[in-house]
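Report on the following structure.
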Amino acid sequence: MKLNFLLVLLVILSACEGGDSHRLGIGLKDAEYLDAQLASPAMDSPKGEFDGNDSQEQLVERKLIRNGNIEFLTDDVKKTKSEIERIAKEQNGYISAENENNYGNRFQVNQTLRIPADKFDAVMKQLEGLAEKVDNKNINTEDVTEEFIDVEARLKTKKELEARYLELLKQAKTVADIVSIAGQIANV
1270 MKLNFLLVLL VILSACEGGD SHRLGIGLKD AEYLDAQLAS PAMDSPKGEF
1320 DGNDSQEQLV ERKLIRNGNI EFLTDDVKKT KSEIERIAKE QNGYISAENE
1370 NNYGNRFQVN QTLRIPADKF DAVMKQLEGL AEKVDNKNIN TEDVTEEFID
1420 VEARLKTKKE LEARYLELLK QAKTVADIVS IAGQIANV
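Sequence positions in the sequence shown follow our numbering and run 1270 to 1457.
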């Protein structure tokens, strides 16, 4: 089963009133997006062995979350902001949050973008292309395979329980039994 991932991209734009250059900071996070409004295939991740239970080892696809941050200078905050919005839309993403701050001598824009995980590297390159100079960049990866397997197992158990209750509901003879079983189904 493939897991859908999306990127969370945090963009911080800032401009100094007195200078020709403007500062841009970006945080990039490749995160699981369960609402699946922008569903995409799971990112290619290395396969490895995982002890799914104590008696049986399974070969599973690793579920990875990538996080990144980048800070850079730009000549025009508004133009760069528009370019970032265009990049997000072009990569089937969207801006999920935005915050603008004016610190007197510095203007800053924070944006959070969500884009498909398979676009992480391409978006990072495009964002670097908007920079005069990259001041800071880091990327890290978190393995959430165990958490994914746990949630997947819980979901499977809940579905099996629901199926059993539905079978019992078909066999129910009294209204009291039907109401009781319906209540149990609602709790699943």
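For glycine and all other residues, C-beta sits at the position ideal for the given N, C-alpha and C.
**Prompt:** For GLU1352, which residues from the same chain have a beta carbon less than 6 Å from its beta carbon, with the 5 sequence-adjacent residues on both sides left out?
**Reply:** Taken in chain order, the residues that qualify are LEU1399.
**Item:** DSSP state of GLU1401 mapped onto helix, strand, coil
**Value:** coil
**Request:** Below 8 Å CB to CB, which residues in the same chain sit around ALA1391 once its five sequence neighbours on both sides are set aside?
**Result:** Only GLN1360 meet the Cβ criterion.
**For GLU1411 and GLU1401, the rounded distance between their alpha carbons** = 30 Å
**Prompt:** Which value, in whole angstroms, describes the spacing of the CA atoms of ASN1379 and LEU1396?
**Reply:** 14 Å
**Request:** Identify which residue in LYS1406, GLY1373, ARG1383 has its Cα closest to the Cα of ALA1366.
**Result:** Answer by Cα proximity: ARG1383.
**Request:** With DSSP as the reference, label ASN1456 as helix, strand or coil.
**Result:** Secondary structure of ASN1456 (DSSP, three-state): helix.
**Request:** Below 7 Å CB to CB, which residues in the same chain sit around ASN1407 once its five sequence neighbours on both sides are set aside?
**Result:** GLY1337, ASN1338
**Asked** Whole-angstrom Cβ separation of ILE1257 and THR1381, contact assumed at under 8 Å?
**Response** Residue 1257 lies beyond the residue range present for the chain, which begins at 1270 and ends at 1457; the question has no answer from this structure.
**Request:** Compare the Cα-Cα distances from ASN1405 to each of VAL1457, PHE1341, LEU1328 and report the closest residue.
**Result:** PHE1341
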